[in-house]
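Have a look at the structure below before the remarks.
Number of protein chains: 2
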Amino acid sequence: MADKKVEAITSMEEDFAQWYTDVVVKADLTGYTSVKGFMVLKPAGYAIWELIQKQLDARFKETGVENVYLPMLIPEGLLQKEKDHVEGFAPEVAWVTHGGLNELQEKLCVRPTSETLFCDFYQKDITSYRDLPKVYNQWCSVVRWEKETRPFLRSREFLWQEGHTAHATAEEAEERTIQMLNVYADFCEQVLAIPVVKGQKTEKEKFAGAVSTYTIEALMHDGKALQSGTSHNFGDGFARAFGVQYADKDNQLKYVHQTSWGVTTRLIGAIIMVHGDDNGLKLPPMIAPTQVMIVPIQQKKEGVLEKAEELRERLSKVSRVKVDATDKSPGFKFAECEMRGIPVRVEIGPRDIENNQCVVVRRDTGEKISVSLDELEVTVEELLKTIQKDMLEAARAHRDSHTYTATTWEEFVETVNNKPGFIKAMWCGETECEENIKAETGASTRCMPFEQENLSDVCVCCGKPAKKMVYFGRAY
Amino acid sequence: MADKKVEAITSMEEDFAQWYTDVVVKADLTGYTSVKGFMVLKPAGYAIWELIQKQLDARFKETGVENVYLPMLIPEGLLQKEKDHVEGFAPEVAWVTHGGLNELQEKLCVRPTSETLFCDFYQKDITSYRDLPKVYNQWCSVVRWEKETRPFLRSREFLWQEGHTAHATAEEAEERTIQMLNVYADFCEQVLAIPVVKGQKTEKEKFAGAVSTYTIEALMHDGKALQSGTSHNFGDGFARAFGVQYADKDNQLKYVHQTSWGVTTRLIGAIIMVHGDDNGLKLPPMIAPTQVMIVPIQQKKEGVLEKAEELRERLSKVSRVKVDATDKSPGFKFAECEMRGIPVRVEIGPRDIENNQCVVVRRDTGEKISVSLDELEVTVEELLKTIQKDMLEAARAHRDSHTYTATTWEEFVETVNNKPGFIKAMWCGETECEENIKAETGASTRCMPFEQENLSDVCVCCGKPAKKMVYFGRAY
């Protein structure tokens, strides 16, 4: 029975895209409705998002972020105020044209992102330097009319948070932009166990309307990159377009400097593709809605279910724990724990009870150990920490062993085609070269990392003097 | 300065509607954008919603509720499947007609509520009795194209939670409907300090598509009622319209029985109108983002700010506490604390420090007490509990003293016109009578309370035999 269910997961090696779809289905993360291109987050999927929200929100608040909520609909006139921004988003928004039984005088788009609305709001809300900084964030959903959709990675609606700040000076805005990128990077590493490369996007890849865009880039198991969070510095461009000014201490009217930053349910896609294996999902303990599943063996025998419940009660003090007391077979339950990515499984049967022990199984390594019931809480608590640490290390080892360098064009092409992963290479800084590389190899610039190296003096593509080392890669 | 700011709040007696608007503005709960009829929740307003969410969600989960997220857009065809439901909602929805650059083949409405989507989802997700019950909830925003809007009470978009459940039997569905109504009632009383009347809506007032609708009704300070939460039993009506069936243990295909239940940001309107006074907002401690504000007196004197910070550190162990160290005058800060409804204010100045004491002021009663710094944590912790309890009692006393009975039509009219509040009266059960009463007096049936009394044998309006005692009232 167990094997049969696992068989339903295509192996990664065979077909990574199908493996991904299978894991999403088998872990019961998403569901379907007849709304095309839109995703349902089922309890197992939404609970991961709740844990992301809770832990990320706490980190935001430590840096002084306050949460707000702005309208989900944006009048066309507002969207059009910033030229680059409207060009970037207008082709992919959903338009509301009728309210109730009447046609609207001005159509409204369902927010694809809320820079324009925050500007409109700040324009009314900010008058003096005393009102600054504004460090606001909202948790909400946005709509972008994507043509091809995949659960978590690309869908017509997704959940996210979008931070929008306004500052008195350019320096302060830049500082906040980098600060939030660091919050994202730490969160990915410490909570999601996903190591990321921090850096700046090129002109071509930056956000519509931004002066500079910073990004964290993660490497998936198939060697493709996933942009996992971005932080933008807008300078005073939006402020000028929307007239967001404040009276400074010197009584002069000045434009504010703005930033925005966001992460989305895409992070769940990253968790799946960084940690998962051919048995299914593998959740880092800090983000696992159920950290420990107790599986009773021969549960109809007297005392087994009672013991399982007793262990649950004890373990609930150190973990999020459940008992699977359904009438499925133990083998089936084991497979289900694995598919759903539960970090630790505890098996307890009549013989274990007799010996005052139980079997503890790690999802990440498959390792089984016998543990005395007297030491169960301590062991499980420690084990969850160890798994969290080991999963980050495993992901880092994978990322590092799939990060290559190329100093010549031949080497670059050869690497892209045969070694899926990040490629570090020097670049002249010209968009034309970047476009050529993409067209020839499918690899795009992921970022200009903060940690620069001098691999060579010339651009890997055109041979002209190099300006930056860049991470390249094929990407989701 | 303090008085001047408070002057900006119109007195309740003079103009309750203007008082409400003034309090919302002065407590800095909402803001404006150019999106007509839509509200911005500013940090002070959103933080209250976050506390509502957190505490209500925990109560939901204790009863086995799991959170999910479904699409925000609903195809027209889905909305039309249940006849009563579409009639109830179609006139007030916003329609998306274009996605990206193309006109959609089928228009989509922005969800006004999600019964139809949950049915569509359950139809695909439920196959066997093993899949039941489904006890799902989502926290999201919905859009209803209201003509007149008021912050929190009525706006074109509002935040809410909507629970949607599916059960094997009619009994189980009814049980869940009542269970959730009780969760709402307990939450309102224990957390928001708002006493409510629990009961059933009449046929005329029930939800579009429901077999029965239950409600909690609260009484505002001006004697008008506010429907504060509803819980609906749909029987198998939606299941039949959408074909939501399961194979039972006897291998027969049966229709599920469904419920839905929701509360909204309207609860914040209730908090304002039940507890507020002419000095502004008055928050029950359990829902106050800041429970204690420390105001330093003569803060430029040596040691004052340090002492204030020391007290903050100590009080943070028993409360959500802040120091107001801005350069505003103490009087201004006091007024601001009052307008924003902060339950406890702590004043600390050089003389207090010398005497090892501080002044503690209750927002609900205005009472001031001197407290030894040695006993500060214990005193404040106790005081917050006392305020919470006293605010519920004060609200209950107001509600009870504004609940009247009428056994004759003359008495009914006299009461509605001269004594704002709830009126308990007997009713024959006919919609016609209910409509007459509304047309003549403006008072609608609020609910048929679970706690019935026999005030007389005949209907207060038509004189025919009475079937139910009903709470009547003018309402928001």
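Read top to bottom, the protein sequences are chains A and U. Sequential numbering from 643 applies to the first sequence in this note's numbering. Sequential numbering from 643 applies to the second sequence in this note's numbering. Beta carbons: idealized from backbone N, C-alpha and C, even for Gly. From a predicted model like this one, the values you see are computed outputs, not experimental measurements.
Give the interface partners of residue i over in chain A, defined as CB-CB distance under 7 Å, in chain order.
{"i": "U:W903", "result": "Neighbours of U:W903 on chain A: none; closest Cβ ~18 Å, over 7 Å."}
{"i": "U:E799", "result": "P713, M714"}
{"i": "U:F763", "result": "G673, T675, V682"}
{"i": "U:L698", "result": "Under the 7 Å cutoff, chain A gives no residues; its nearest Cβ is about 14 Å from U:L698."}
{"i": "U:W661", "result": "Neighbours of U:W661 on chain A: none; closest Cβ ~23 Å, over 7 Å."}
{"i": "U:W787", "result": "G741, G742"}
Is residue i helix, strand or coil when you go by DSSP?
{"i": "U:V1112", "result": "strand"}
{"i": "U:F658", "result": "helix"}
{"i": "A:I651", "result": "coil"}
{"i": "A:S1098", "result": "coil"}
{"i": "A:I768", "result": "coil"}
{"i": "A:F680", "result": "coil"}
{"i": "A:D890", "result": "coil"}
{"i": "U:I936", "result": "strand"}
{"i": "A:P837", "result": "coil"}
{"i": "U:V1013", "result": "strand"}
{"i": "A:L925", "result": "coil"}
{"i": "U:G673", "result": "strand"}
{"i": "U:A815", "result": "helix"}
{"i": "U:A644", "result": "At U:A644, the pLDDT of 44 sits below 50, so the modelled position is not reliable; the number obtained from the coordinates is stated separately. U:A644: helix per DSSP, three-state reduction."}
{"i": "A:Q627", "result": "The question about residue 627 of chain A has no answer, for chain A in this structure spans 643 to 1118."}
{"i": "U:V960", "result": "coil"}
{"i": "A:L759", "result": "helix"}
{"i": "U:L895", "result": "strand"}
{"i": "A:V853", "result": "coil"}
{"i": "A:A930", "result": "coil"}
{"i": "U:D994", "result": "helix"}
From what residue to what residue does the beta strand (DSSP E) around residue i run?
{"i": "A:F800", "result": "799 to 809"}
{"i": "A:I990", "result": "986 to 990"}
{"i": "U:N744", "result": "744 to 752"}
{"i": "A:E1072", "result": "Element bounds for A:E1072: n/a, residue is neither H nor E."}
{"i": "U:R1088", "result": "1086 to 1091"}
{"i": "U:R1004", "result": "999 to 1004"}
{"i": "A:K703", "result": "Here A:K703 belongs to no beta strand (DSSP E); instead the alpha helix (DSSP H) covers 685 to 704."}
{"i": "A:K964", "result": "963 to 965"}
Note down, in chain order, every chain U residue with its Cβ under 9 Å from the Cβ of residue i.
{"i": "A:F680", "result": "L712, P713, M714, L715"}
In chain U, which residues lie less than 7 Å from residue i when you measure between Cβ atoms?
{"i": "A:L795", "result": "Those within 7 Å of A:L795 in chain U number zero; the least Cβ separation is about 16 Å."}
{"i": "A:W737", "result": "V738, T739, H740"}
{"i": "A:S783", "result": "M714"}
{"i": "A:D767", "result": "G673"}
Run through chain U and tell me which residues come within less than 8 Å of residue i, C-beta to C-beta.
{"i": "A:N709", "result": "P685, Y688, A689, E692"}
Can you tell me which residues form a DSSP beta bridge with residue i?
{"i": "U:Q900", "result": "U:A808, U:G877"}
{"i": "A:G871", "result": "A:I858"}
{"i": "U:W737", "result": "A:H740, U:C751"}
{"i": "U:C603", "result": "Residue 603 of chain U lies beyond the range of chain U shown here (643 to 1118); nothing can be said about it."}
{"i": "A:T1007", "result": "In the DSSP output, where bridge partners are listed per residue, A:T1007 has none listed."}
{"i": "U:A1081", "result": "The partner list for U:A1081 (beta bridge, DSSP) is empty, contrary to what the question assumes."}
{"i": "U:K776", "result": "U:A808"}
{"i": "A:P1107", "result": "A:V1100"}
{"i": "U:R792", "result": "U:R796"}
{"i": "U:A1117", "result": "U:A867"}
Mind pulling the chain A residues with CB within less than 8 Å of residue i?
{"i": "U:P733", "result": "G742, L743"}
{"i": "U:L759", "result": "T675, V677"}
Going along chain A in order, which residues have a C-beta closer than 9 Å to the C-beta of residue i?
{"i": "U:S961", "result": "Ordered by position in chain A, no residue passes the 9 Å Cβ test against U:S961, which lies about 17 Å from the chain."}
{"i": "U:L720", "result": "T675, S676, V677"}
Need the endpoints of the alpha helix (DSSP H) that residue i sits in, please.
{"i": "A:E951", "result": "946 to 957"}
{"i": "A:H917", "result": "908 to 917"}
{"i": "U:G982", "result": "As written in the sequence, residue 982 of chain U is Arg, which differs from the Gly given in the question. Segment 972 to 982, the alpha helix (DSSP H) holding U:R982."}
Are there any heavy atoms of the ligand SAM lying less than 7 Å away from the beta-carbon of residue i, as far as the coordinates show?
{"i": "A:L957", "result": "With respect to the ligand SAM, the structure shown offers nothing to examine, as it has no ligands at all."}
- Every unbroken alpha helix (DSSP H) inside the stretch 1021 to 1072 of chain A [4 residues or more]: 1051 to 1060
- Residue ranges of each beta strand (DSSP E) within the stretch 707 to 732 of chain A, 3 or longer: 715 to 717
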